[in-house]
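With UniProt numbering, letter number 448 in the sequence shown gets 448, and the count goes up by one each step, no holes.
The beta-carbon is built from N, C-alpha and C at its ideal position, and this holds for glycine as well.
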Amino acid sequence: MSRDRALLERALDRGEQDGGSVEFKERLSRDVHLESGRRESLAAQLRHRLLSGDGEATYVVGVTDDGGLAGVNPTTFSETMDVLSLLAEEADAHIDDVQTWGINQGLVGVATINEGSVLETDDEHVVVGTAGHVDHGKSTLVGSLVTGNPDDGDGATRSYLDVQPHEVERGLSADLSYAVYGFDEDGPVRVRNPNRKADRAGVVEEADRLVSFVDTVGHEPWLRTTIRGLVGQKLDYGLLVVAADDGPTRTTREHLGVLLATELPTIVAITKTDAVSDERVEDVEREVERLLREVEKSPLRVARHGVDTALEEIGERVVPIVETSAITMDGLDTLDELFDHLPKTSQDTGEFRMYVDRSYSVTGVGAVASGTVKSGEVEAGDELLIGPMPDGRFQEVEVRSIEMHYHRVDQAQAGRIVGIALKGIKESAIERGMVLLPRDADPDPVREFEAEVMVLNHPTRIGDGYEPVVHLETIGEAAAFHPDEGRLLPGDTGETTVRFKFRPYLVEEGQKFVFREGRSKGVGTVTDVQPLE
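Now the structure itself:
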């Protein structure tokens, strides 16, 4: 007997012992089990199971009435989960967790259902993007913030965010990571065990106010990923870290440039203050102040002027500076106070829109598209469009379910970082840079657009046919530039036609973007679009 099958059969044995809180189902279908009389009966049965289990019920799917392992195909399993979710909603409950096993070339699943509707997400939710040089302590600082645990000096709290095995092994982030904590009337609501999805979900459920972090990559070869994290998410603030033992670097300047291009209000955290003398901290702080003044920003030392002043002044010109140590936890209470009171800055305008940042497949659920909701709101059961596909068309899909930091939610508004399970598309067809829209939208895919650009750094001149990578929302695509005047020099601002090299995307007037090629970089704003014919 395989190990997985043994684990499942032990779960079934426990279920039989628990008696009244466990229900065996081979399958559930919309056509049969959601008809009015049957639906009411099954919802009543579920309420009985919840009552017997003190608010928790277990449904074992893909088994016969006597608990025999049958297994159902993935399509049937997904439909069964859809029906079970609707029954749970009728019983004022929600599916909290699903585990699956492969049996007889099919699936058997154990769904845990708990009383209480899933979380409504109309609470205040601030999203912060981190930036800074490699090994300056971005992930470590965020890990200590969300857990309240000091670092061990070896980057232990960083492991709460770095999810790829090679990242943990090398101690370097290679992709975007996410973290969350929150606040209620008693103060911070932290993640007790960040390695447990249920604990992260618990923060979302318990907190009155949420702070999500999009933790970017500090290593120079992954600058493209950092830009994706800062440009492609609907961020409210930037958090730029500078290590006291190293000071500002070229990467620090690169990342500050991206933050400025996105017009994000930004906080600077001086990290690793425990590792150096007070004199060195002071020197680095003065270096940071000079760097900020060079780009016409006004530094504000929070230790000198206070949190209230920082909250009043932070914005387009003023950048608060906080001294921190993840080892001694100095300064983290100041960041807590700031994040507890900083107002949300991103505006929600228009209908639902979400650019896809990642996609993956979940057994028994199917394709999931994740990203940050840019505008509007989305609910389970909504009918949407996703695209454009490489040929410019959009495909119709339906929202199976929504998760935010591993917590099932009824709906998600602008600014929420979510995973949306989609019915009607395979995961292999979803690509980063695609967008989700309401089904009645009439999107015009774009291969070419006009833009006003500023060249921030380039060794010579930008001529006709220059091909950098354009970062717009979650799009990261090579594109050809055709400047109106034939060329652009460093420091120049001018008009240019931009044409994606490989495929169309949804691009609209007013969107901002960053372009780069090697160390060359610049920023731009879309001024006009030319939809595909």
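- Judged by DSSP in its simplified three-state form, Asp-528 adopts strand.
- By the C-beta density criterion, Thr-64 is exposed, having fewer than 16 other C-beta atoms within 10 angstroms.
- Judged by DSSP secondary structure, Gln-45 falls within the alpha helix (DSSP H) whose first and last residues are 36-52.
- At least 8 Å separates the beta-carbon of Val-523 from that of Leu-489.
- In summary, Tyr-360 is exposed, with fewer than 16 beta-carbon neighbours lying within 10 Å of its beta-carbon over all protein chains present.
- Less than 8 Å divides the Cβ of Glu-56 from the Cβ of Thr-112.
- Per the Cβ contact rule, the segment 78-93 is not in contact with the segment 143-150 (fewer than 3 Cβ pairs under 8 Å).
- With fewer than 16 neighbouring CB atoms inside 10 Å of its own CB, Gly-486 falls in the exposed class.
- Annotation: Met-434 is outside any beta strand (DSSP E) and is labelled neither H nor E by DSSP.
- Boundaries of the beta strand (DSSP E) around Arg-353: 353-355.
- For Pro-531, same chain residues with a beta-carbon under 8 Å away, outside a window of 5 residues either side, are Asp-444, Pro-445 and Val-446 in chain order.
- For Leu-384, DSSP records a beta bridge to Val-397 and Pro-438.
- Looking from the CA of Ala-131, the closest CA among Gly-387, Leu-260 and Gln-411 belongs to Leu-260.
- Going by DSSP, Leu-240 is part of the beta strand (DSSP E) stretching over 237-243.
- For Leu-342, there is no enclosing alpha helix (DSSP H), since its DSSP letter is neither H nor E.
- Exclusion of the five residues before and after Glu-285 leaves Ile-270, Arg-301, Ile-321 and Glu-323 as the residues of its chain whose Cβ lies within less than 8 Å of its Cβ.
- Here Gly-109 carries a strand assignment [DSSP, helix/strand/coil].
- The Cβ-Cβ distance between Val-378 and Phe-352 falls below 8 Å.
- In the displayed model, Pro-265 falls within coil according to three-state DSSP, outside both helix and strand.
- In this structure, DSSP gives Met-454 an extended state, which the three-state scheme calls strand.
- Taking C-alpha positions only, Val-127 is separated from Gly-247 by approximately 26 Å.
- Relative to Ser-78, the option among Leu-107, Asp-186 and Arg-290 whose CA is nearest is Leu-107.
- Short of 7 Å from the beta carbon of Val-529, and not among the five residues preceding or following it, lie these beta carbons of its own chain, in chain order: Val-446, Phe-449, Val-507, Glu-508 and Glu-509.
- Taking a 10 Å sphere around the C-beta of Gln-105, we find fewer than 16 other C-beta atoms and assign the residue as exposed.
- Look at Leu-28 here: in three-state DSSP terms it is coil, with no helix or strand label.
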